[in-house]
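Structure first, then comments.
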Amino acid sequence: MASKVFKNYLSKVAGLGSHCYRALQFHGSPLNLKNCCQQATHQYYTRLARTQDHEAIMNVMCDTYLKCEPSIVNIGLSGMELPTLNLMIRKGMKEGMTIVAVRGDDEAVIGAAVNTGSCPWNPDHLLRFAKCCQCGPIQDLLRFYAYVTATPQLWQKYCILKIFECTYVTVANEYQGNGIAKRLIQDSWYLARDCGYRLFRIDCTSRYTAKVADGFRWECVWSLPFDEYKCNGEVIFKHIQEPHGRVDVYVDQVRFCKDYCRPHPTCNKRRKKNDRVWRLR
3 MASKVFKNYL SKVAGLGSHC YRALQFHGSP LNLKNCCQQA THQYYTRLAR
53 TQDHEAIMNV MCDTYLKCEP SIVNIGLSGM ELPTLNLMIR KGMKEGMTIV
103 AVRGDDEAVI GAAVNTGSCP WNPDHLLRFA KCCQCGPIQD LLRFYAYVTA
153 TPQLWQKYCI LKIFECTYVT VANEYQGNGI AKRLIQDSWY LARDCGYRLF
203 RIDCTSRYTA KVADGFRWEC VWSLPFDEYK CNGEVIFKHI QEPHGRVDVY
253 VDQVRFCKDY CRPHPTCNKR RKKNDRVWRL R
């Protein structure tokens, strides 16, 4: 599916793109997933991550995401060694849908979006994984992730077995505030479309990520304040740092350009209606 060669185009999706972005050429081919962007102070480009990028990605994740991600901070795990989350991120990268932002001069990784396929059984896997952890706060955090993943019931609502999820997004500290995270999320959406996914999902524990999703006009389908989540009747998020006081789940039904061959069939009712129209002709 992803190996099909699609025509080049300049995206006309409302809310996506910026004056500093050039024509995107996502074809489903790793060689073509290289898009340049020049800011006033930084020059970088985005592309699909390679296996040799994984350690550099983890270095950025450990320096930023695992220290400053709101759900980690709000539960009191900031500054601690988190091998369990490290393992989860590495597992996500193995799915081959990670997008990195690299400096144009020396190819150094300065940001990454680790994307994964989300299936209905993923929350159960997270709960079983949580039982193997000896650290109580880590167990609570994984149970929280499972709860957030399962509660919106997106698979049932949209009749989809697998959802494209932008799972982990981070940018190196010295490059934050330059729109790189927005670019990584945007390119993840394009990748979801080119891979044939019907639904794009991003769980925003950060207000800044939620602002990006709002800017793209995606739909917020579910929200939960951290201080309202309880495990066994006890509030587990006791170190909430504003403005990151809740988690919002955003989705977008991926739309295809008219030049694209749809990777999934239309519904039977629509097919039967079209058949009747052709017979009348």
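Here the numbering used here = 1-based position in the sequence shown + 2.
Here a beta-carbon is modelled for each residue, glycine too, at the ideal position from N, C-alpha and C.
Rounded to whole angstroms, the separation of the alpha carbons of SER73 and ARG209 is 12 Å.
Three or more pairs of CB atoms, one per stretch, sit closer than 8 Å, so the region 166 to 174 contacts the region 113 to 125. Within the region 149 to 233, the beta strand (DSSP E) runs of at least 3 residues that lie entirely inside it are, in chain order, 165 to 173, 201 to 206 and 221 to 227. Beta-bridge analysis with DSSP links ASP250 to CYS206 and SER225. In this structure, SER120 places its C-beta atom within 8 Å of the C-beta atom of LYS164.
Below 8 Å, too few C-beta pairs join the region 147 to 154 and the region 182 to 201 to call them touching: fewer than three.
Below 8 Å, enough C-beta pairs join the region 239 to 257 and the region 195 to 209 to call them touching: three or more. Taking C-alpha positions only, ASP216 is separated from ARG200 by approximately 19 Å. The C-alpha of ILE91 lies about 10 Å from the C-alpha of ILE59. Looking at the backbone, the Cα of LEU143 and that of LYS133 are separated by about 12 Å.
Per DSSP, SER120 is not a residue of any alpha helix (DSSP H); the beta strand (DSSP E) it occupies stretches across 111 to 120.
Here ILE101 is near THR48, since their CB atoms are less than 8 Å apart.
The C-beta separation of VAL214 from LYS240 comes to about 28 Å, leaving the pair out of contact by the 8 Å criterion. DSSP places ALA58 within a helical segment (H, G or I) once states are collapsed to three. Within its own chain, the residues whose Cβ lies closer than 6 Å to the Cβ of GLN243, once the five positions on either side in sequence are excluded, are VAL75, listed in chain order. Residue nearest to VAL223 within the set TRP157, GLY179 and TYR231 is TRP157 (criterion: CA-CA distance).
A distance below 8 Å between beta-carbons, with the five flanking residues on each side excluded, links TYR231 to the following residues of its chain, in chain order: PHE146, TYR149, VAL237, ILE238 and PHE239.
Listed in chain order, the non-local C-beta contacts of VAL256 below 7 Å within the same chain comprise ALA194, ARG195, TYR199, ARG200, LEU201 and PHE202, local neighbours out to five positions each way being set aside. In this structure, TYR192 is the residue among PRO227, TYR192, MET63 and TRP123 with its C-alpha nearest to the C-alpha of ASP254. Straight through space, the alpha carbons of LEU89 and LYS69 are spaced by roughly 15 Å. In this structure, VAL62 lies near ALA174, with their beta-carbon atoms less than 8 Å apart. For ARG257, the three-state secondary structure derived from DSSP is coil.
For GLN136, the three-state secondary structure derived from DSSP is coil. One thing to note: THR53 has its Cβ no nearer than 8 Å to the Cβ of ILE140. Under the three-state reduction of DSSP, GLN141 is assigned to helix. Annotation for ILE91: the continuous alpha helix (DSSP H) segment containing it runs 85 to 95. DSSP, read as helix, strand or coil, puts ILE74 in helix.
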